[in-house]
Ligand code: CMC
């Protein structure tokens, strides 16, 4: 076994090396404190491998993203969201019978418990849907068995994926005063969601194919992204052996922030502000470069990608295709492309390897689909649900230790208390 050598205060130590299946090298420091008395310091965990995982591979320098070995470009172009969910959770693409059963299970589990539906009425009208959904997911533990037995968990995976779309559509219906449209068993995942969002209980709603396909692709590109902030949160909470509803509810909250999934809402707000300000996008790139302005170019930059985010490349092309198909033009798309053009040539962004990320173009597509801005992060959460579940399951199967980082204490040293 290869080792890494560490010389600390004049003494030599050998640390085991690990190698991932794609050749990534890691130094195993799990015993460092016990053997040397020292801990490592890595604020924001930018250089810390927190687990071994077989779900998603990213090469940020080359702009590669694969789920269980399959390229995101292939999955986004050819797969069904429900199929990708199965792949992430169970490790292999479903065969024909497994897919039929899986889709049927998802359709059967789409209905919210009626008492959970009543929760919605008690939120103030100003409530953000992410807060409502996080609370409702945590509350599912009151309605369903939530121990971590694998068979119970397996049914809960289906409930979470299937009911997420219903919760999302219901929070929207409630916010605009539209009667709830209940799920239909014979519709696929995306058509069901779009009918619940935009249909009415009496009328049949024809789901436009372009819109259904665009939503399917959007959900796939959000389905997993290895140890990002919300997934690490799901793992962190789950490591205490908290139930899956508690763990995923915490993941929804982590996703909400504007530096993570909330960036898609922030991007659209930024593009609207630029438009209202006369479309002067250069002013905003200058502002983003000025550290004192407190302004960042939302939808730009990524902890892992130091090249194009492959998801952003897929979405940029989809924006052109979908808007073209629907005969729409959106000034936000022009502003976004101009911003990207300027930023990709500017020394500040080039030096720091800041490229558009998944959130830069997704909002323009959501707008074309008729999704309101405050629902954008909910759409991200709907897509990410299978990824969160896959990581919670993988962690449970591997029997992870409770997550408990160390710190470097910098406060007062011992002092005497005087009353
Ligand atoms: N606009 C302007 N400057 C930026 C930006 C930006 N969007 N992002 C990073 N920088 C600068 C930053 O000021 C720093 O400069 P310096 O080295 O001179 O101090 C350098 O680039 C590195 O930034 P960082 O904050 O240390 O990088 P990070 O890895 O900690 O943060 C990030 C990653 C995504 C939070 C950050 O790039 C950011 O805030 N982007 C805008 C928010 C956003 O779009 N988030 C969505 C991320 S993708 C979806 C997801 O999976 O969450």
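Residue numbers (our numbering): 8 to 426.
Where a beta carbon is used, it is the ideal one built from N, C-alpha and C, also for glycine.
Taking 9 Å as the cut-off, the beta carbon of residue 171 is found no closer than this to the beta carbon of residue 187. For residue 418, the shortest separation between its Cβ and any heavy atom of the ligand CMC does not lie below 8 Å. Closest option to residue 223, judged by alpha-carbon separation, among 83, 404, 415: 83.
For residue 398, the enclosing alpha helix (DSSP H) has its first and last residue at 383-405. Here the residues close to the ligand CMC, judged by CB distance below 6 Å to any of its heavy atoms, are 51, 232, 235, 266, 267, 268, 270, 295, 303, 304, 305, 306, 307, 308, 309, 310, 359, 361, 364, 365, 366 in chain order.
Taking a C-beta distance under 9 Å as the contact criterion, residue 148 and residue 250 qualify as a contact pair. When Cβ pairs closer than 8 Å are counted between the two stretches, the region 265-278 is seen not to touch the region 173-193, the count staying below three. For residue 112, the uninterrupted alpha helix (DSSP H) segment begins and ends at 103-115. Looking at the DSSP output, residue 307 sits in a beta bridge with 363. Judged by DSSP in its simplified three-state form, residue 52 adopts helix.
Per DSSP, reduced to three states, the secondary structure at residue 32 is strand.
In the DSSP assignment, residue 65 forms a beta bridge with 72. Ranked by Cα distance from residue 60, the options 371, 234, 327 are led by 234. Closest option to residue 373, judged by alpha-carbon separation, among 219, 130, 244: 219. Taken in chain order, the whole alpha helix (DSSP H) runs of length 4 or more contained in the region 242-286 are 251-263, 270-283.
Contact between the region 361-376 and the region 309-329 is present, with at least three C-beta pairs closer than 8 Å. Residue burial is scored here from C-beta neighbours: residue 285 has fewer than 16 other C-beta atoms within 10 angstroms and is therefore classed as exposed.
Taken through DSSP and simplified to helix, strand or coil, residue 14 comes out as strand.
In this structure, DSSP gives residue 368 a helical state, which the three-state scheme calls helix.
When 90, 241, 357, 157 are compared, the shortest CA-CA separation from residue 256 is found for 241. Where residue 221 is concerned, the enclosing alpha helix (DSSP H) starts and stops at 216-228. Using a Cβ distance threshold of 9 Å, residue 385 and residue 92 do not count as a contacting pair. Looking only at 48, 311, 260, 248, the smallest Cα-Cα distance to residue 361 is reached by 311.
In this structure, residue 15 keeps its C-beta atom at 9 Å or more from the C-beta atom of residue 36.
Assigned with DSSP and collapsed to three states, residue 23 falls in strand.
When the alpha-carbon of residue 144 is set against those of 101, 401, 236, 253, the nearest one is in 253.
Minimum Cα-Cα distance from residue 293 among the listed residues 273, 355, 258 corresponds to 355.
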